[in-house]
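In the numbering used here, the protein residues as written are 1 to 484.
Note that CB positions come from ideal geometry on N, CA and C, so glycine has one too.
Working notes, structure below.
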Amino acid sequence: MTAPHTAPPGYRDAPLTDWHPDRPVDFAEAEEFLRACYAELPKLGPVEPRLAVVREQIAALGTYTHTHAELVHGARMAWRNASRCIGRVYWRSLTVLDRRQHRVPDQIFDDLVSHLHMATGEGHNRGKLRAVISIFGQAVPGRPVTRLWNDQLIRYAGYRGDDGMTGDPQYEQFTSAVTKLGWTGKGSAFDLLPIVLQTGDGEPRLYELPESAVLEVPLAHPEFGWFAELGLRWHAVPAIANLRLSIGGVDYPLAPFSGWYMGTEIGARNLADAHRYNQIPVVAARLGLDTSSESTLWRDRALVELNRAVLWSFERAGVRVTDHHSESRLFLTHVERERRAGRDTPADWTWIVPPISGGLTPVFHRYYTEADQRPNFYLDRSAQQLSLTGLPQVTVPAQRTSPERRTPADPAAAVCPITGRSGPMPDPVPELLPADQDFSPDVDPSPAYADPEATVPIPAGPAPAPITAEPVPARKRGLRRLLG
Ligand code: ARG
């Protein structure tokens, strides 16, 4: 299959962040966070004595350490501030795994596996997903950082062959990078990529996720028996892994978080986008739709059936998933609750409105305030580059204050553990974006109506091949392969 392979540019650009681990903490930001945190959690007691300690620590060391309670609440606040996340009503339920003492790659990998077990649910609870974040060591001036290359803990490889793409085109470059490091994929459409960890300038180390840590759902349709023959599947847990968590001026460069899917993320983006699995033409052909003209709305009809298949299959498998109608209503409940608590809910319309049936959901019919409220999650240029290509980090000179603090509302970041779509808008510098990373907004609002020429058409391209129905081979249970 030769899927068109470039993502359309975003409706607007949001700058990626530049960040350097040696940058000292800004006391003003620490104070702002601590005051908010202690005001929200009266059981923590008065904030003044705590501020005095933090001021001294920053003066002596350039940073300070969060208490466990501050860390937990800070992570929850970061989710609450993630303006692209529709699932924030659940922000208080985030389970925080405090892994700050763990800095060695082997240990970090074990923690990531535990994270996935906990997030997936075990035994009778397998499939009852819950929102989890693992927070590893904070950045300390002068100390090397361990980076995770992957943008999500669970993703599928993409291979370009003579007859087109197999797998997820978004990960073609990442797949070649890990292949150069010694990894060999099976060549199927849904090969799990290895985890890559790298400390400082050391060698990257590759780890294979054990089968028990990765729950996948084979897709079938409630009415169309042929759907299962397409061989489509998706992983149960979305686990965003390359955003920096920033709490009170302290940065946690490794803080993967996960939740559960809103069906449209899979059915209307991952499997549907022309630059991803591009399955709309395949589903339309199997449905026997008249594709001779756009006005038959064959794309829309195929899209709905693909999305029904996703939701139905997850529900049938007992894997937690949500639909865009329910989640939109819950989001507005959240906005209202927050208003009653005296807080604004910054939100990015272009990410909150679902990629199908936007106007059928209540989130469409209003606007939102946009602000970069902290704590929050940020995508750094260097992290994006690693997760796209495995290329080394861009070095940014140390600065005394947080430059992104002064940028206008909503820089690149915010994603949520639940149902928000991940990642920032496309990087304005095209050469840093050799592959698409699902950074396009899910809708292109008003400009599309105002000026049809302003939207970038997705090239039609030849029809994609169906994914082969070959079952994904069983991975060896508990196998952890250390290649690096
Ligand atoms: N949209 C991303 C994906 O398809 C996941 C982003 C986070 N989503 C979530 N429901 N927590 O994999």
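### Query
Does the ligand ARG have even one heavy atom less than 6 Å from the beta-carbon of G127?
Position 127 of the sequence shown, counted from the start, is the residue given in the question as residue 127. Relative to the ligand ARG, the beta carbon of G127 is positioned no closer than 6 Å to any heavy atom.
### Query
CA-CA distance, D18 and P24?
Position 18 of the sequence shown, counting from 1, holds the residue named residue 18. Position 24 of the sequence shown, counting from 1, holds the residue named residue 24. In this model, D18 and P24 are separated by some 14 Å (Cα to Cα).
### Helix, strand or coil at P281 according to DSSP, with G and I counted as helix
As a first step, residue 281 must be located in the sequence shown, where it is residue number 281. The answer is helix: DSSP assigns P281 an H, G or I state.
### Task
Within the same chain, show all residues whose beta-carbon is closer than 6 Å to that of R160, passing over the 5 residues directly before and after it, in chain order.
By one-based count along the sequence shown, residue 160 stands at place 160. Excluding sequence neighbours, R160 sits near E172.
### Query
Going by other Cβ atoms of all chains shown within 10 Å of its Cβ, with 16 needed for buried, is D290 buried or exposed?
Counted from its first residue, the sequence shown places residue 290 at position 290. Exposure of D290 is indicated by the presence of fewer than 16 other C-beta atoms within 10 angstroms of its C-beta.
### Message
Extract the residue ranges of the beta strand (DSSP E) inside the region 147 to 191, only unbroken runs of 3 or more that lie entirely within it.
### Response
Within the region 147 to 191, the complete beta strand (DSSP E) runs of at least 3 residues are 158 to 161, 164 to 167.
### Inter-residue spacing [alpha-carbon to alpha-carbon] between R147 and D380
Position 147 of the sequence shown, counting from 1, holds the residue named residue 147. Position 380 of the sequence shown, counting from 1, holds the residue named residue 380. Whole-angstrom Cα-Cα distance: 12 Å.
### Message
Our contact map puts R244 next to A69 with C-beta atoms below 8 Å; I'd like the distance itself, whole angstroms only.
### Response
As a first step, residue 244 is located in the sequence shown; it is residue number 244 there, counting from the start. As a first step, residue 69 is located in the sequence shown; it is residue number 69 there, counting from the start. In fact, because the Cβ distance is near 21 Å, the residues do not count as touching under 8 Å.
### Task
Tell me whether Y378 counts as near the ligand ARG, meaning its Cβ is closer than 6 Å to at least one heavy atom of that ligand.
Walking along the sequence shown from the start, residue 378 turns up at place 378. Because no heavy atom of the ligand ARG lies under 6 Å away, the Cβ of Y378 does not count as near it: no.
### Query
Where do the N-terminal and C-terminal ends of the alpha helix (DSSP H) with V53 fall, by residue?
Translated into positions along the sequence shown, residue 53 becomes position 53. 48 to 61 is the extent of the alpha helix (DSSP H) around V53.
### Query
Thinking C-alpha only, which one of Q101, M118, V132 is nearest V145?
Position 145 of the sequence shown holds residue 145. Nearest neighbour of V145 by Cα position, chosen from Q101, M118, V132, turns out to be Q101.
### Task
Tell me whether the beta-carbon of G123 lies closer than 7 Å to the beta-carbon of A157.
As a working note, residue 123 is residue 123 in the sequence shown. As a working note, residue 157 is residue 157 in the sequence shown. Their beta carbons are not under 7 Å apart, which means G123 does not touch A157 by this criterion.
### Task
Given a cut-off of 7 Å, decide if G259 and L60 are closer than it, judged by their beta-carbon atoms.
In the sequence shown, counting from the first residue as 1, residue 60 sits at position 60. In the sequence shown, counting from the first residue as 1, residue 259 sits at position 259. Contrary to the premise, residue 60 reads as Ala rather than Leu in this sequence. In this structure, G259 does not lie closer than 7 Å to A60 by Cβ.
### Query
Can you check whether the CB of S83 is closer than 7 Å to the CB of D273?
By one-based count along the sequence shown, residue 273 stands at place 273. By one-based count along the sequence shown, residue 83 stands at place 83. No; because the gap between Cβ atoms is not below 7 Å, this pair is not in contact.
### Query
If you count every other CB in all the chains shown that lies within 10 Å of the CB of S328, and 16 or more means buried, which is it?
Counted from its first residue, the sequence shown places residue 328 at position 328. Around the C-beta of S328, 16 or more other C-beta atoms lie within 10 Å, and the residue is accordingly described as buried.
### Task
Report all residues from its chain with a CB closer than 6 Å to the CB of Y38; omit the five preceding and five following residues, and keep chain order.
Within the sequence shown, the letter at position 38 stands for residue 38. Residues L44, V47 of the same chain have their beta carbon placed closer than 6 Å to that of Y38, with the five preceding and five following residues left out of the count.
### Query
Hey, would you say the C-beta of N81 is under 6 Å away from at least one heavy atom of the ligand ARG?
Position 81 of the sequence shown, counted from the start, is the residue given in the question as residue 81. No heavy atom of the ligand ARG is found nearer than 6 Å to the CB of N81.
### Task
Whole angstroms is fine: what's the gap from Q385's alpha carbon to H235's?
As a working note, residue 385 is residue 385 in the sequence shown. As a working note, residue 235 is residue 235 in the sequence shown. About 24 Å.
### Task
At 4 residues or longer, and completely inside the region 67 to 115: list those alpha helix (DSSP H) runs for me, N to C.
For the region 67 to 115, whole alpha helix (DSSP H) runs of length 4 or above, ordered along the chain, are 68 to 80.
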